[in-house]
Every structure is written in C-alpha cells, then in structure tokens.
C-alpha cells in the first residue's frame with residue numbers, strides 16, 4: 001500500500017485497496033477456506049493503515065484543522081473498535097457463524113469511517129494545510145509503510161510484515177507492534 005502521493009491521495013488509495021479486499025472476502029461463500037486468508041489480509045492492511053493514520057494523519061489534523069482534536073479522537077475511537085472486532089475474528093474458522101457477523105461489523109465500521117474521512121476530514125485537511133506539507137507527510141508515510149519491518153522484499157518491493165506475521169490469535173497486536181516499530185530500536189532513524 002504505497003503510492004508515492006501526498007498524504008490524502010495515499011490514504012485514499014489505501015481506502016480503495018481495503019475496499020477491494022473486503023469485496024473479495026464478501027464474494028466468497030460461507031465456509032470457503034479462502035475467507036480465512038482474506039480476513040487475515042484485511043487485518044494486516046487495516047492495521048497498517050491505522051498505524052499510518054495514527055502517526056501522520058491525526059497529528060496533522062490536530063495541528064492544522066480547527067477543531068481537529070475532536071475529529072482525530074473520534075477517528076481513533078473507530079480504529080480501536082475495528083481492532084477489537086479484528087481481535088475477536090482472529091483464528092476463527094471461516095465456517096463459524098460468528099466469522100460472518102464479525103466481518104460484516106468490521107466492514108460496516110471501516111466503510112463508514114472511509115466515507116467520513118472522504119466527506120469531512122480530507123477536505124478540511126486540504127483547506128487547512130499547504131500542498132508541500134501534505135506531500136512531505138505522504139513521503140514520510142510511504143517510507144514508514146515500506147520499511148515497517150525492515151527493507152522490502154527484493155523481488156516484490158512489498159513490506160515483509162505480511163510474510164512474517166503468522167495468522168491466528170494475536171495477529172492484530174503483533175501486526176501493530178511490527179508496523180509501529182515497537183520492540184525494536186530504529187537507531188534514531190524514522
């Protein structure tokens with residue numbers, strides 16, 4: 001999920017990728033074993049996206065947008081609820097009825113959050129910040145996402161986190177820790 005755009009365009013492209021993953025997941029029939037793998041892929045993408053928003057978007061909203069602290073707090077609360085649902089989803093078999101309920105709950109919350117950002121947050125941020133600032137944040141976000149778990153794989157260019165994190169219980173927390181860089185020294189580097 002790196003696109004080389006300003007922060008708003010980068011996050012909008014992420015939103016599109018997340019929506020595509022949800023659509024692929026929802027298109028598979030109940031009990032299809034591919035649903036478990038797609039749910040894990042959705043989890044990794046959502047956690048990576050949430051960390052990017054926590055580290056770049058919300059501080060920018062707080063700093064630039066009048067009343068931005070309330071917007072950032074509201075969005076962070078949605079992230080926490082989505083992650084709670086994803087933790088409940090971790091390790092559940094795709095043929096378990098609760099699996100479908102949790103996927104539907106997560107999808108609804110995420111889609112509502114995306115629409116809120118598109119309609120309310122991003123326009124206010126674009127009006128309140130200059131283009132150079134947003135481009136710089138986009139570049140920093142891209143770098144952070146690309147190097148979340150070390151250098152990208154030499155053949156794919158994708159971050160290694162999606163290959164290193166085993167699915168199952170604890171996936172949300174392990175992904176967040178790895179992507180946010182908790183538990184490892186960065187040696188002063190971003």
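In the UniProt record's numbering, the protein residues as written are 1 to 190. Don't be surprised by glycine CBs; every beta carbon is placed ideally from N, CA and C. From a predicted model like this one, the values you see are computed outputs, not experimental measurements.
Apart from the 5 residues on each side of it in sequence, residue 109 sits with its Cβ closer than 8 Å to the Cβ of 78, 81, 82, 85 in its chain, given in chain order. Three or more beta-carbon pairs separated by less than 8 Å link the segment 89-104 to the segment 29-36, which places the two stretches in contact.
In the three-state reduction of the DSSP assignment, residue 30 falls in the coil class.
Secondary structure of residue 90 (DSSP, three-state): coil. For the set 144, 60, 15, the Cα lying nearest the Cα of residue 132 is the one of 60.
Ranked by Cα distance from residue 48, the options 15, 72, 116 are led by 15.
Per DSSP, residue 67 is not a residue of any alpha helix (DSSP H), being assigned neither H nor E. Approximately 4 Å separates the beta-carbon atoms of residue 38 and residue 25; this is inside 8 Å, confirming the contact. Taking C-beta atoms under 8 Å as the contact rule, residue 55 and residue 126 fail to qualify, at a distance of about 19 Å. Spanning the alpha carbons of residue 116 and residue 12 requires a straight line of approximately 12 Å. Here the alpha carbon of residue 62 sits roughly 5 Å from the alpha carbon of residue 69. Counting only the Cα atoms, residue 7 lies some 7 Å from residue 141. Shown here, residue 44 sits in a helix according to DSSP, grouped into three states. Taking 8 Å as the upper bound for CB-CB distance, residue 51 and residue 22 are not in contact here, some 19 Å apart.
Residue environment analysis places residue 120 among the exposed positions, since fewer than 16 neighbouring C-beta atoms fall within 10 angstroms of its C-beta. Excluding residues up to 5 positions away in sequence, 138 lie with their Cβ nearer than 6 Å to the Cβ of residue 5 in the same chain.
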